[in-house]
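Everything below concerns the one structure shown next.
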Amino acid sequence: MSNTKKMGIAVLPLLFLLCMLFPVKAEAAYSEMSMQLDNAWISGEISTQGEVDFYKFTTRKAGWVTVHYQASTVVNSYVNVLNNDQDRRYWNESIYGSSQNNPVTRSAVLALEPGTYYIKIGGIYDRNTGAYRLKASFEAANNNEKTNDDNFETAMSLGYNQSVTGFLSMDDRVDFFKISVPTRRRVRLIYTSYIGGSYMQIWNSDQIPLDNANRSVWGASKTAPVTHVYEETLNPGTYYVKIYPASNSYTGKYTLKYSQKILTQKITISGKKQVVAGTSPFYLKASVSPSNTTDKTVKWSSGDTSIAWVDRNTGKVTIYNKAGKVKITASAQDESNRSSVYTIIVTPKRLSAPYVSNFSGRRLYVSWGWHSGVTGYEIQYATNSKFKGAVTKKVSNQHSSRTYSKMAKKRYYVRVRAYYKNGSKIYRGPWSAKKSVKITY
2 MSNTKKMGIA
12 VLPLLFLLCM
22 LFPVKAEAAY
32 SEMSMQLDNA
42 WISGEISTQG
52 EVDFYKFTTR
62 KAGWVTVHYQ
72 ASTVVNSYVN
82 VLNNDQDRRY
92 WNESIYGSSQ
102 NNPVTRSAVL
112 ALEPGTYYIK
122 IGGIYDRNTG
132 AYRLKASFEA
142 ANNNEKTNDD
152 NFETAMSLGY
162 NQSVTGFLSM
172 DDRVDFFKIS
182 VPTRRRVRLI
192 YTSYIGGSYM
202 QIWNSDQIPL
212 DNANRSVWGA
222 SKTAPVTHVY
232 EETLNPGTYY
242 VKIYPASNSY
252 TGKYTLKYSQ
262 KILTQKITIS
272 GKKQVVAGTS
282 PFYLKASVSP
292 SNTTDKTVKW
302 SSGDTSIAWV
312 DRNTGKVTIY
322 NKAGKVKITA
332 SAQDESNRSS
342 VYTIIVTPKR
352 LSAPYVSNFS
362 GRRLYVSWGW
372 HSGVTGYEIQ
382 YATNSKFKGA
392 VTKKVSNQHS
402 SRTYSKMAKK
412 RYYVRVRAYY
422 KNGSKIYRGP
432 WSAKKSVKIT
442 Y
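Reading the sequence shown from the start, the letters are residues 2 to 442 in my numbering.
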């Protein structure tokens with residue numbers, strides 16, 4: 002036997018001993034499967050220690066991927082969501098103590114860009130085999146901003162009266178937009194956020210942020226958006242709008258619109274111009290022009306609250322028991338300083354039937370109830386109930402009674418009414434009910 006053969010035979014027991022002391026670990030099992038984002042459960046199993054399962058899915062649009070992982074008989078396990086190169090982790094969750102009778106479920110909603118992703122599932126510690134379930138679904142963000150608008154140089158141009166829907170994902174953390182202001186004008190940037198916390202900043206062409214143009218928007222959600230309006234008079238030039246999240250944990254959708262503020266040019270008021278004192282409340286209506294005025298809000302006010310009161314917000318007018326003239330004003334709230342004045346004439350209400358009596362000396366005594374705000378009263382008497390050939394007398398508002406002498410010994414019918422004079426025009430209230438008295442002595 003050669004020396005070489007003798008040496009080989011001697012080495013064999015040594016190799017066997019080394020294998021017993023230092024066993025070679027088998028390579029972990031690896032599997033890759035494709036899955037649909039159809040929210041349907043699929044079942045899997047970690048059958049051997051160290052096994053890793055990969056599930057590949059693809060999104061063609063940006064949006065939200067919701068992943069549900071349920072561990073069953075795999076007591077201790079983990080689930081990850083990774084990018085296509087598997088060097089970026091979007092979700093990492095460890096699950097302990099699951100069982101067939103007490104499965105443990107974990108879920109995540111991930112804001113992702115279009116691309117291919119992997120869900121990775123494996124066991125941990127020594128008790129790391131068993132069954133699990135997995136499902137995922139997708140909701141598109143339907144955003145239309147440029148994909149590379151993450152700096153000043155690549156900012157997406159936003160035209161006048163144009164709006165854009167943006168999406169801040171786990172990979173896309175900032176968006177820039179560029180607007181052009183051709184002439185000095187009142188600019189409006191309307192930012193509506195569906196993101197829990199985010200910022201909107203305005204920068205000039207020198208990439209210097211404008212004063213008071215950094216606004217944080219908090220408390221928004223997919224179902225309860227929050228809107229911030231930036232409104233300022235800007236000089237001609239190029240400006241940039243930067244949208245970014247308040248922290249890495251905030252993602253979601255937003256909209257941004259660039260427009261000019263159209264100020265009120267004219268306010269036209271319509272409604273009742275003449276009413277009776279004490280009438281039921283009614284509304285005045287204000288029409289703002291031009292029709293595309295940005296803010297059509299008006300506030301109402303009364304020039305004489307002893308005659309009429311108007312609700313500041315609704316234009317509801319309450320008329321009191323006082324005759325007269327009242328001016329109601331509607332004022333624009335958009336810094337245009339436009340307003341309109343509407344005049345309402347409040348005519349006297351119907352008086353109660355007068356008190357009449359026969360005084361000695363064939364005198365007729367008449368008294369009536371006083372009415373606030375009137376110019377005077379008219380007393381009318383006649384010897385017939387239809388007041389044919391009646392005599393009409395006027396008295397000032399300082400009086401509420403009158404005595405007429407040398408009346409014939411007849412029965413007289415009497416009625417009264419109040420009137421209000423505005424300039425050369427007289428507004429008379431309705432006649433009261435009639436009363437009669439017989440002159441006998």
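For glycine and all other residues, C-beta sits at the position ideal for the given N, C-alpha and C.
With fewer than 16 neighbouring CB atoms inside 10 Å of its own CB, residue 110 falls in the exposed class. Only buried fits residue 372, as 16 or more other CB atoms lie within 10 angstroms of its CB. Contact check between the segment 261–275 and the segment 289–301: three or more CB pairs, one atom from each, fall below 8 Å, which counts as touching. One thing to note: residue 78 has its Cβ no nearer than 8 Å to the Cβ of residue 43. The three-state secondary structure of residue 285, taken from DSSP, is coil. A contact is defined here as three or more CB-CB pairs under 8 Å, and the segment 99–110 fails this definition with respect to the segment 166–173. Secondary structure of residue 153 (DSSP, three-state): coil. The bridge partners DSSP lists for residue 84 are 118. Rounded to the nearest whole angstrom, the C-alpha separation of residue 438 and residue 379 is 18 Å.
With a 10 Å radius around the Cβ and a threshold of 16 neighbouring Cβ atoms, residue 153 comes out exposed. Under the DSSP definition of a beta bridge, residue 246 partners with 199.
Following the DSSP letters along the chain, one finds residue 111 inside the beta strand (DSSP E) bounded by residues 105–113. Looking at the DSSP output, residue 379 bridges to 395, 418. Residue 353 is positioned such that its CB atom lies closer than 8 Å to that of residue 370. Cβ-Cβ separation between residue 344 and residue 277: approximately 16 Å, too far for a contact (criterion under 8 Å).
Between the segment 218–236 and the segment 191–198 there are three or more inter-stretch CB-CB distances shorter than 8 Å, so the stretches are counted as touching. Burial check for residue 49: the Cβ neighbour count within 10 Å stays below 16, so the residue is exposed. Listed as beta-bridge partners of residue 256 by DSSP are 166, 193. About 4 Å separates the beta carbon of residue 117 from that of residue 85, a gap short enough to meet the 8 Å contact definition. Residue 36 carries a coil assignment under DSSP once its states are collapsed to helix, strand and coil.
Between residue 211 and residue 137, the beta carbon gap of about 43 Å keeps them out of contact (Cβ cut-off 8 Å). DSSP, reduced to helix, strand and coil, places residue 210 within a strand of the structure shown.
Taking residue 322 as the centre and dropping the five residues before and after it, the same chain places the C-beta of 278, 279, 350, 373 closer than 7 Å to its C-beta, in chain order.
Counting only residues of its own chain and dropping the five nearest sequence neighbours on each side, residue 145 has a CB closer than 7 Å to the CB of 165, 166. Here the alpha carbons of residue 241 and residue 205 stand approximately 6 Å from one another. Counting only residues of its own chain and dropping the five nearest sequence neighbours on each side, residue 69 has a CB closer than 6 Å to the CB of 108, 136. The closest CA to that of residue 119, considering only 338, 88, 261, 157, is found on 88.
DSSP, read as helix, strand or coil, puts residue 308 in coil. Residue environment: residue 308 is assigned as buried (16 or more neighbouring CB atoms within 10 Å of its CB, all protein chains considered). Counting only residues of its own chain and dropping the five nearest sequence neighbours on each side, residue 361 has a CB closer than 8 Å to the CB of 442.
Assignment of beta-bridge partners to residue 432 by DSSP yields no partner. Counting along the chain, the unbroken beta strand (DSSP E) around residue 69 starts and ends at 64–72. Here residue 150 is buried, its C-beta having at least 16 other C-beta atoms within 10 Å. Under DSSP, residue 296 takes part in no beta bridge, so it has no partner. Counting along the chain, the unbroken beta strand (DSSP E) around residue 275 starts and ends at 275–277. Nearest neighbour of residue 433 by Cα position, chosen from 426, 418, 142, turns out to be 418.
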